[in-house]
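Peer 1: Questions regarding the structure given below will be posed in turn.
Protein chains: 2
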Amino acid sequence: MLTYELKKSPGVPLYEALYRCIRADILAGRLQPGQKLPSKRALAQNLKVSKITVEGAYGQLLAEGYIRAAEKVGFFVEDVPFTPAAAAPCPAAAPASPRQPLLDLSGSGTERFPFSVWSRLQREVMLDYGEKLLLPLPNQGIAPLRQAIADHLAAFRAMTVKADNILIGAGTDFLYNLLIQLLGRDKTYAVEDPGYGKIHKIYAAGGVRCISVPMDREGVLPEALHPAQVLHLSPAHHFPTGRVTSTGRRQQLISWANSSGGYIIEDDYDSEFRFDAHPQPAMQSLDSSGRVIYMNTFSRSLAPSIRISYMVLPDHLMTRFRENLGFYSCTVSSFEQYTLARFLSRGYFEKHINRMRKYYKMRRNQVLSALRRCSFADKLTIREEDAGLHFLLKVDTPLSDDALVRFCAEKGILVRPLSSYYHLPIPEEDRRCLVINYAGLNQQALEQVLAAWDDA
Amino acid sequence: MLTYELKKSPGVPLYEALYRCIRADILAGRLQPGQKLPSKRALAQNLKVSKITVEGAYGQLLAEGYIRAAEKVGFFVEDVPFTPAAAAPCPAAAPASPRQPLLDLSGSGTERFPFSVWSRLQREVMLDYGEKLLLPLPNQGIAPLRQAIADHLAAFRAMTVKADNILIGAGTDFLYNLLIQLLGRDKTYAVEDPGYGKIHKIYAAGGVRCISVPMDREGVLPEALHPAQVLHLSPAHHFPTGRVTSTGRRQQLISWANSSGGYIIEDDYDSEFRFDAHPQPAMQSLDSSGRVIYMNTFSRSLAPSIRISYMVLPDHLMTRFRENLGFYSCTVSSFEQYTLARFLSRGYFEKHINRMRKYYKMRRNQVLSALRRCSFADKLTIREEDAGLHFLLKVDTPLSDDALVRFCAEKGILVRPLSSYYHLPIPEEDRRCLVINYAGLNQQALEQVLAAWDDA
């Protein structure tokens, strides 16, 4: 039976203290994947706490993917103990614990935010707009921001988009839910596999059927799309493989949408961060029949805590939105919309992206070079290294993926295997392959970890 | 056939120009309720514009409730030509037109926002938190804001609420949708009738069954709730009648929830603005079995363009949220959450509410006194005048509600009848009764309109 001494400390609820103890044991491997946790009642009795405290702790561990629940059986330690930081609830509430990983390669990170510019624009917006900021918001977002986004897309993605067709929302999660209401609950939604598991969860929570579609080197397989009416994909930079959907495949997918009356949700997330290749034009530009919905977010390119995303709807869907869903209020405050509009139209966003691209490129080179220098470099192969803010690291090892991740965790490295992003059966070549997110990486920690590894 | 000379003017798309012409004709009564509009094709040919332009204009008119669509028949001018300003899309995009109403009693308005305090707190937050503002947000909202809200609820609503049970979201529309996912799509949701029509629309768009429940003087009728598992109501201040659910009825409704395993969504919207009576305690405080979900918004009490709302979930629903929906990102940016947290915890919100309460009370008295002084005061009866930011004005007239609203529109007054908020059959006593929203009212315009009326 798990036994911890739960100390009351100010500002830390008891369930949180318990959650941290269990999480620490999972991270340290003292609780093994697959191991059954005690029942809530039994643990509550053992620790002399209320059942609600245990429920709170288990709930948090469930939400963060450290454990899973099997109905009427109990709770089990997850095989993949690490979730991306972006999806982890309450990270700000969890102060550094002695067992925190030395090196977190599992999540995304953004830093170097242009605070002084943003702050100055906020003040300007207050002074310039005044009372106008208090007016009820247009439900698709304020016109200056939509125009600034249209101009940005024209300049950087060579896209011809009307400001009137842009819809602003508080994050892509929100926009996906809006699309379910706009396109219909009777449709089947297809997502790429492997893929970002959250998208699958959002469609499921939205009450629609969602299927996983396999990919080859060129992108999703069109022949697997037949049960679906809507395809959700990231053609510019697939997560986590980093693959770019080929020109031929893009044409095939648009033909599929045209002939079947289907829709393509083009999630252009991360497309700002390409280093080696000229980006492919957006699929939205290839589409002349209004079958592609383009989507992107500033939460990725500015900061995860800025909740502004947008989508570009074809004319008929914009009309349908106004007719059927025009009663929804806009979800982004006017202050932030006006600030972002100025940030875009005055060229600060372009500067920021250029600076971040250089910075990430430097960081990527540091990571690659550190890996090439380390004592077991001959066991490592880099895959798809010119994509976004992560790459794949194939490891030549007899270990299973679970064992590999545990081995890394013992060394203080938090990392997720490519296999954990699969719903469909995992191809052999994608096993023993780690997804290395270097955006939020601490270079010093990387050197330390690799040095300690060599010494061991 | 409608004929307009559509002039191209910079910044105004052609569809918008057409939309404004048609809207002006509806407001002026030149297009009568029930009148059929020309088909999109015919109008496009007549005006020599593209069909897309007409579609855009009709779409906007539909979204704003000026016209309705009958499938395969065409478009008709609506009987109730006026929607609340808060629901009207793109008001900021529409500059003053010569036919705009002189006096808008149909919408809500907020002004006197404490710009300088808010701006100062924004700067402080940037300086004090710095890089921390860039961390991924806890998905239920940042802890300092949740704590500040819990403290506020304790001080002003005598509610005992844990910060951990509070969930922050970008507007109540968003939270309603989250609740559908949390409570289940298989449930039937009951709403008060008459009521704010948008809530009905949101449940319908969310794909759940929604029924209208009649009310008496004490609140919704418990005996009409049997097909429902979830009841959505505003016990502190019902819109638009202003009724306060009686203590006895509250107990009955909580018993209903307890015995049926149902839930009550207590929408406490507007409860800050009560003048004459001590507010009743929240239903959430009466509930000892976790059946009441409390909800409120700062969009109403601060400004409609600030999109921050919250709900208080009972323990088991908070656990369910973490288990089933913990993957959702928070929808409110960290900058605004930290700013609002300080605004609350330093007492600025309390000051603002006190100031606004005085201001609205003064305005209400001005409106009531102007109405009592006018030449047809003997035809007017005020109903439920101690409630929120509106009251009901019963008019002794042989006119129908539609004719009364048109009559007001001819005088330049935009107003909605109580009958337009009914889904169920309208009781005779609620006919010829106007909903007077005075929050955004211009006192000078009111005096002018009443004076012109006397002169006529």
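Residue numbers (this note's numbering), protein chains in the order written: chain A, 523 to 978; chain B, 523 to 978.
Quick reminder that beta carbons are idealized off the backbone N, C-alpha and C, glycines included.
On a predicted model such as this, the values are computed, not experimentally measured, just so you know.
1. Chain B beta carbons: is any one of them nearer than 8 angstroms to that of residue 833(A)?
2. Classify residue 752(B): buried if its beta carbon has 16 or more other beta carbons within 10 angstroms, exposed otherwise.
3. Compute the beta-carbon to beta-carbon distance between residue 936(B) and residue 627(B), rounded to the nearest angstrom, for a pair I have assumed lies under 8 angstroms.
4. What's the gap between the Cα of residue 524(B) and the Cα of residue 593(B)?
5. Mapping DSSP to helix, strand and coil, what is residue 711(A)?
6. Does any residue of chain B have a CB that is nearer than 8 angstroms to the CB of residue 1056(A)?
7. Between residue 823(B) and residue 768(B), what straight-line distance do the alpha-carbon atoms span, to the nearest angstrom?
8. Under a CB-based cut-off of 8 angstroms, is residue 648(B) close to chain A?
9. What does DSSP give as the partner residue(s) for residue 939(B) in the beta ladder?
10. What's the C-alpha gap between residue 865(A) and residue 672(A)?
11. Is the segment 846-856 of chain B touching the segment 685-696 of chain B, taking contact as three or more C-beta pairs under 8 angstroms?
12. Give the range of the alpha helix (DSSP H) segment to which residue 842(B) is assigned.
13. Run through DSSP, which three-state label would residue 581(B) get?
14. Since residue 756(B) meets chain A, which of its residues come closer than 8 angstroms, beta carbon to beta carbon?
15. Go through its chain and collect everything with a Cβ distance to residue 749(A)'s Cβ below 7 angstroms, but skip five positions before and after it.
16. Looking only at its chain, what residues have a beta carbon closer than 6 angstroms to the beta carbon of residue 875(B), apart from the 5 residues adjacent to it on each side?
17. Assign residue 754(A) to one of three DSSP states: helix, strand, or coil.
18. When you compare only the Cα positions, how much space is there between residue 870(A) and residue 647(A)?
19. Measuring only the C-alpha atoms, how far is residue 494(B) from residue 975(B)?
20. Under 8 angstroms by Cβ, that's how I've got residue 776(B) and residue 808(B) pegged, so tell me the actual separation to the nearest angstrom.
21. Excluding the 5 residues preceding and the 5 following residue 665(B) in the sequence, name in chain order all residues of the same chain whose CB lies nearer than 7 angstroms to its CB.
22. From residue 614(A) to residue 938(A), what does the alpha carbon distance come to, in whole angstroms?
23. Per DSSP, residue 905(A) forms a beta bridge with which residues?
24. Assess contact between the segment 723-730 of chain B and the segment 875-887 of chain A, defined as three or more Cβ pairs (one per stretch) separated by less than 8 angstroms. Is contact present?
25. Check whether the Cβ atoms of residue 708(B) and residue 736(B) lie closer than 8 angstroms to each other.
26. Between the beta-carbon of residue 575(A) and the beta-carbon of residue 566(A), is there less than 8 angstroms?
27. Decide if residue 923(B) is buried, meaning its Cβ has at least 16 other Cβ atoms within 10 Å, or exposed.
28. How many whole angstroms separate the CB atoms of residue 943(A) and residue 764(A), which I take to be in contact at a CB cut-off of 8 angstroms?
29. Which of the residues in the segment 802-829 of chain B, read from start to end, lie with their CB under 8 angstroms from any CB of chain A?
30. Under the three-state reduction of DSSP, which class applies to residue 597(B): helix, strand or coil?
31. Taking Cβ-Cβ distances shorter than 7 angstroms, what residues in chain A pair up with residue 837(B)?
32. Can you give me the C-alpha to C-alpha distance between residue 663(B) and residue 581(A), rounded to a whole angstrom?
33. Just mark residue 680(B) as buried or exposed, buried being the case when its beta carbon has 16 or more other beta carbons within 10 Å.
34. In or out: residue 713(A) buried (at least 16 other Cβ within 10 Å) or exposed?
35. With 8 angstroms as the threshold, decide whether the Cβ of residue 922(A) is near any Cβ in chain B.
36. What's the gap between the Cα of residue 674(A) and the Cα of residue 821(A)?
Peer 2: So, from the data block:
1. no
2. buried
3. 6 angstroms
4. 21 angstroms
5. strand
6. Since the first residue of chain A shown is 523 and the last is 978, residue 1056(A) is not available in this structure.
7. 24 angstroms
8. yes
9. 956(B)
10. 14 angstroms
11. yes
12. 837-847
13. helix
14. The premise fails here: residue 756(B) is roughly 17 angstroms from chain A at the closest Cβ pair, so nothing lies under 8 angstroms.
15. 710, 733
16. 794
17. strand
18. 15 angstroms
19. This structure gives no information on residue 494(B), because the portion of chain B shown stretches from 523 to 978.
20. 6 angstroms
21. 685
22. Here the model assigns residue 614(A) a pLDDT of 31, short of 50, so the residue's position is not dependable, and the following value carries that caveat. Looking at the two C-alpha atoms, the distance is approximately 21 angstroms.
23. 914(A)
24. no
25. no
26. yes
27. buried
28. Not a contact, Cβ separation roughly 12 angstroms.
29. 821, 825, 826, 827, 828, 829
30. strand
31. 574
32. 17 angstroms
33. exposed
34. buried
35. no
36. 16 angstroms
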